Amino acid sequence: NDKIGSRLWLLARSKLTNDTANRAREYAQEALQWMIDDGVVLRIDVVADRYSATGLEMSLMIYRNDGSALPVRFDNLWGAMNV
């Protein structure tokens with residue numbers, strides 16, 4: 009009964025606002041929650057920042073079970089979503 013993927017695609021036709029950035033963060037957190045639920049990682053922090061009228065970046069900090077952290081960054085998430 010596992011669900012995969014995210015709802016980020018729902019934002020493709022939206023105007024990029026701070027609210028849209030907040031929804032992008034929520035959708036990413038929701039899509040990655042299975043990793044926490046299944047014990048793959050301890051925690052995932054998601055930050056989505058609107059840096060211009062057409063720019064959205066997303067940063068993840070994935071905390072592994074051994075205590076180490078893996079940073080992941082998407083510099084132009086909005087551009088990738090609206091190709």
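Heads up: the sequence shown begins at 9 in our numbering, then just goes up one per residue. From the three backbone atoms N, C-alpha and C, an ideal C-beta is built for every residue, glycine too. Note that the coordinates shown come from a computational prediction; the quantities given were computed from them, not determined experimentally.
Selection from the options that minimises the alpha carbon distance to residue i
i: A77; options: A32, S67 and M89; result: S67
i: L64; options: D46, D74, R15 and R31; result: R31
i: N59; options: L16, N84 and S22; result: Before going further, note that residue 59 is Tyr rather than Asn in the sequence given. If we check each option's Cα against that of Y59, N84 comes out closest.
Rounded Cβ spacing between residue i and residue j (contact assumed at less than 8 Å)
i: A29; j: S14; result: Going by Cβ atoms, the distance from A29 to S14 rounds to 15 Å, so no, they are not a contact pair.
CB of residue i within 8 Å of CB of residue j, strictly
i: L24; j: A61; result: yes
i: L50; j: R72; result: yes
i: V80; j: I70; result: yes
i: D10; j: W42; result: yes
Same chain only: Cβ atoms within 8 Å of residue i, ignoring 5 sequence neighbours per side
i: A88; result: F82
Spatial neighbours of residue i in its chain, beta-carbon cut-off 7 Å, leaving aside the 5 residues before and after
i: A39; result: G13 and S14
i: W86; result: L24, T62, G63 and L64
i: N26; result: R58
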